[in-house]
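*Asks:*
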């Protein structure tokens with residue numbers, strides 16, 4: 001074989017060894033690129049998971065803190081005398097819908113550990129003792145709010161946790177506790193965590209610290225209320241419980257190889273865990289690996305062709321020398337051939353080409369790695385990210401566009417925004433686009449409905465301004481804030497409705513009265529305010545209890561609604577005080593007629609439970625025909641008229657005009 005090799009030409013030998021060297025280099029570069037790609041994948045996945053874990057931990061801490069604060073405030077305003085009065089407690093909590101909405105169940109516990117009140121009611125819970133529960137003992141001993149470990153309810157048998165706040169006397173003595181229960185099997189902010197997916201099959205879990213750490217919430221519901229496996233099977237979990245937070249690669253107790261992120265909460269001794277299976281990350285990596293390998297093979301083929309051509313050119317001076325030597329055989333004098341310049345030019349060209357190709361390859365590889373990292377991060381963020389140039393053409397869009405809309409992020413590149421989105425969506429954004437392309441940062445909210453899904457999007461446009469002040473385009477970031485908007489709307493609605501009668505409450509009434517006064521000034525149409533209360537209502541409560549009083553108020557409200565128009569406002573201020581706003585009146589007689597109608601209707605018997613009661617009302621009427629009047633003045637006049645009606649013996653009305 002060596003003899004055969006020696007017979008080969010210099011051109012073949014040079015081509016062979018050059019090709020062999022290039023193959024080694026290409027294999028080495030390709031292997032290094034694949035290694036870098038795998039490293040970047042793991043690092044990017046860890047960064048994304050760390051960001052997700054931090055976000056979930058902050059949200060979970062905030063929700064826990066809200067419930068702790070709300071429960072402490074609710075407990076601080078409970079009169080200790082009410083602990084043994086469930087009827088008064090029910091009336092007390094009826095006017096506090098916020099704290100009721102934060103927990104699945106509220107309970108009141110007396111000094112001996114006996115449950116005296118619960119809402120919503122559950123048969124058999126009131127009267128049970130929780131004196132042996134650790135959370136009750138700690139509350140009574142320390143006088144501080146306590147969050148229990150996961151436990152099984154004795155009345156419901158459902159797994160739950162209890163927030164318990166002390167009820168104190170004026171002197172500071174703890175005489176009972178107010179408990180807020182969150183069930184681990186019912187829809188609430190804790191069970192929502194079990195539905196959160198990290199990637200496609202990853203999960204979120206919450207572990208309660210203690211002598212025996214307990215899984216409180218898990219993406220696999222069969223693991224809820226189970227102890228954490230021992231340290232030899234869950235070493236990462238126990239390191240995190242000891243205070244070592246962060247994101248680590250490892251295998252859990254059931255053999256899942258994943259990236260695990262651990263965050264300790266600030267307000268409770270809980271450990272938040274997120275798991276992202278490495279199999280999913282590797283699945284995303286395979287396509288990139290195939291592209292890199294194909295590129296390496298292509299480079300080897302191109303390198304072989306290039307080396308052959310290059311060797312042909314490099315050896316051309318030798319052919320010239322050989323020809324000159326042949327010519328010299330027929331001449332007496334040798335042919336002088338000067339090859340120095342040609343050889344130097346070939347050498348310089350080869351050196352320049354090699355240097356240029358090396359630099360070009362390094363720059364291209366660096367750009368590709370950077371673009372791949374940025375694309376991976378952008379495609380995995382739950383936000384819309386795009387870049388729009390000065391002609392309103394999309395030059396970049398992340399993969400979230402495909403999930404949230406009908407926009408294909410690849411097909412959208414190079415197209416104008418007006419051609420990518422619907423005309424309605426473009427009109428919503430047009431003014432903001434022009435403002436951003438003029439060099440100003442813009443933030444706005446809008447509602448988008450795509451594929452039957454309605455989203456509230458908070459959008460930020462950041463102009464891409466060059467050093468000379470020219471705007472090349474803008475960066476767009478849209479975040480889905482639908483859940484936040486729904487919570488705000490629900491809270492806003494609940495804050496304006498009286499929970500007993502379903503009528504507008506004091507807050508809603510104040511807003512509507514201001515609007516009515518504004519319309520009165522604008523249209524000069526007359527209005528009237530009727531201020532009513534139930535005569536001798538305290539006697540009804542004292543003699544028949546608050547339950548009977550509540551039934552009277554509900555029937556009273558229902559009859560009021562039958563006496564007015566749909567355009568009029570009927571509201572309950574507090575207790576037995578009601579108000580009615582009448583608009584578009586021709587004269588005071590219309591208001592008087594309605595007051596008389598109400599008085600007659602209220603004199604009809606009230607069927608309350610198994611008995612018939614006689615109920616009357618006193619009414620103060622303030623008739624307004626003065627555009628200078630203020631809402632507070634109208635209230636004062638109606639209130640004064642009401643008390644005149646009371647002084648006149650009740651069961652009547654009095655009128656004030658101005």
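Residue numbers (UniProt numbering): 1 to 658. All residues carry an ideal CB built from backbone N, CA and C; glycine is no exception.
#1: For residue 458, which beta-bridge partners are listed by DSSP?
#2: From what residue to what residue does the beta strand (DSSP E) around residue 140 run?
#3: When we look at the beta-carbon of residue 498 and count the other beta-carbons within 10 Å, is it buried (16 or more) or exposed?
#4: What does a CB cutoff of less than 8 Å around residue 280 pick up in its chain, not counting 5 residues either side in sequence?
#5: Quick one: is the Cβ of residue 114 within less than 6 Å of any heavy atom of the ligand PLP?
#6: Please state if the CB of residue 241 and the CB of residue 383 are separated by a distance shorter than 7 Å.
#7: Compare the beta carbon distance of residue 664 and residue 631 with 7 Å and say whether it is the shorter of the two.
#8: Cβ atoms of residue 259 and residue 245: under 7 Å apart, would you say?
#9: Per the DSSP calculation, residue 160 is bridged to which residue(s)?
#10: Considering just the uninterrupted stretch of the alpha helix (DSSP H) at residue 405, what are its terminal residues?
#11: When you compare each of 91, 224, 605 and 80 to residue 193 by their alpha carbons, which one comes out closest?
#12: Under a Cβ-count criterion, where at least 16 other Cβ atoms within 10 Å of its own Cβ denotes burial, should residue 87 be classed as buried or exposed?
#13: Answer with buried or exposed for residue 350, where buried requires no fewer than 16 other C-beta atoms within 10 angstroms of its C-beta.
#14: Identify, in the order they occur along the chain, each residue of the same chain with its Cβ nearer than 8 Å to the Cβ of residue 597, setting aside the five sequence neighbours on each side.
#15: Per DSSP, what kind of secondary structure is residue 231 in: helix, strand or coil?
#16: With a 10 Å radius around its C-beta and 16 neighbouring C-beta atoms as the bar for buried, classify residue 661 as buried or exposed.
#17: In the DSSP output, which residue or residues are listed as bridge partners for residue 110?
#18: In the DSSP assignment, the alpha helix (DSSP H) including residue 99 goes from what residue to what residue?
#19: With burial defined as no fewer than 16 other Cβ atoms inside 10 Å of the residue's Cβ, what is the status of residue 411: buried or exposed?
#20: Mind pulling the beta strand (DSSP E) runs of 3 or more residues that sit fully within the region 555-610?
#21: Suppose contacts are defined by Cβ-Cβ distances below 7 Å. Is residue 641 in contact with residue 620 by that definition?
#22: Tell me which residues share the same chain as residue 454 and place their Cβ nearer than 8 Å to its Cβ, disregarding the 5 neighbours each side in the sequence.
#23: For residue 280, name the three-state secondary structure that DSSP assigns.
#24: Whose C-beta lies closer than 8 Å to the C-beta of residue 214 among residues of the same chain, with five residues either side of it excluded?
#25: Please determine, among 539, 136 and 216, the residue with the shortest C-alpha to C-alpha distance to residue 269.
#26: Whole angstroms is fine: what's the gap from residue 647's alpha carbon to residue 509's?
#27: Within 10 angstroms of its Cβ, does residue 370 collect 16 or more other Cβ (buried), or is it exposed?
#28: Leaving out five residues on either side along the sequence, give the residues of the same chain with a beta carbon under 6 Å from the beta carbon of residue 644.
#29: Taking all protein chains shown into account, decide if residue 575 is buried (16 or more other Cβ within 10 angstroms of its Cβ) or exposed.
#30: Between which residues of its own chain and residue 75 is the CB-CB distance below 7 Å, once the five residues before and five after are set aside?
#31: Report yes or no: do three or more beta-carbon pairs, one from the region 171-185 and one from the region 142-162, lie closer than 8 Å?
#32: Could you give the DSSP three-state label for residue 166: helix, strand or coil?
#33: State the Cα-Cα distance for the pair residue 52 and residue 293, rounded to the nearest angstrom.
#34: By the DSSP assignment, the alpha helix (DSSP H) with residue 428 in it spans what residues?
#35: I'd like the list of long-range same chain contacts for residue 347, defined as Cβ closer than 8 Å, with 5 residues on each side in sequence excluded.
#36: If you scan the region 196-278 from start to end, which runs of the beta strand (DSSP E) of 3 or more residues do you find wholly inside it?
*Replies:* Per the coordinate set shown:
#1: Answer by DSSP bridge pairing, in chain order: 445 and 479.
#2: For residue 140, there is no enclosing beta strand (DSSP E); the enclosing alpha helix (DSSP H) covers residues 134-142.
#3: Residue 498 should be labelled buried.
#4: Excluding residues within five positions, the ones whose Cβ falls inside 8 Å are 199, 200, 201 and 202.
#5: No copy of the ligand PLP occurs in the structure displayed, which carries no ligand at all.
#6: When the beta-carbon positions are compared, residue 383 and residue 241 stay at least 7 Å from each other.
#7: Given that the chain is displayed from residue 1 to residue 658, the structure contains no residue 664 and the question cannot be resolved.
#8: Cβ atoms of residue 245 and residue 259: not closer than 7 Å.
#9: Per the DSSP secondary-structure output, residue 160 pairs in a beta bridge with 151 and 183.
#10: That residue, residue 405, is in no alpha helix (DSSP H); it is neither H nor E in DSSP.
#11: If we check each option's Cα against that of residue 193, 224 comes out closest.
#12: By the neighbour-count rule (16 or more Cβ atoms within 10 Å), residue 87 is not buried but exposed.
#13: With a pLDDT of only 49 at residue 350, under the threshold of 50, the placement of this residue in the model should not be trusted, and no figure is reported.
#14: Taken in chain order, the residues that qualify are 563.
#15: Reduced to three states, the DSSP call for residue 231 is coil.
#16: Here the chain comprises residues numbered 1 to 658, so residue 661 is not present and cannot be evaluated.
#17: Per DSSP, 176.
#18: 97-102 is the extent of the alpha helix (DSSP H) around residue 99.
#19: With fewer than 16 Cβ atoms within 10 Å of its Cβ, residue 411 is classed as exposed.
#20: Secondary structure in the region 555-610: the beta strand (DSSP E) runs of 3 residues or longer, each lying completely within the stretch, are 569-574, 577-585 and 606-608 in chain order.
#21: Pairing residue 641 with residue 620 gives a Cβ-Cβ distance under 7 Å.
#22: Around residue 454, the same chain offers 447, 448 and 482 as residues with beta carbons nearer than 8 Å, after the five sequence neighbours per side are excluded.
#23: In the displayed model, residue 280 falls within a helix according to three-state DSSP.
#24: For residue 214, where only same-chain residues beyond five positions count, the Cβ hits under 8 Å are 149, 150, 207, 208, 225, 226, 227 and 228.
#25: Nearest to residue 269 by alpha-carbon distance, out of 539, 136 and 216, is 216.
#26: Their backbone Cα atoms lie some 26 Å apart in a straight line.
#27: Counting Cβ neighbours within 10 Å, residue 370 comes out exposed, since fewer than 16 surround it.
#28: Here the set comprises 654.
#29: Flag for residue 575 reads exposed.
#30: Around residue 75: 165, 166, 167 and 178.
#31: Look at the beta carbons and you see the region 171-185 touching the region 142-162: at least three pairs across the two are nearer than 8 Å.
#32: In the structure shown, residue 166 adopts extended strand secondary structure according to DSSP, grouped into three states.
#33: Near 33 Å, if we compare the C-alpha coordinates of residue 293 and residue 52.
#34: Here the alpha helix (DSSP H) through residue 428 covers 423-437.
#35: Only weak support is given to the placement of residue 347: the predicted model assigns it a pLDDT of 49, under 50, and the value that follows is read from those uncertain coordinates. Excluding five sequence positions before and after residue 347, none of the CB atoms of its chain fall closer than 8 Å to its own CB.
#36: You should have 203-208, 214-217, 246-251, 257-264 and 270-277.
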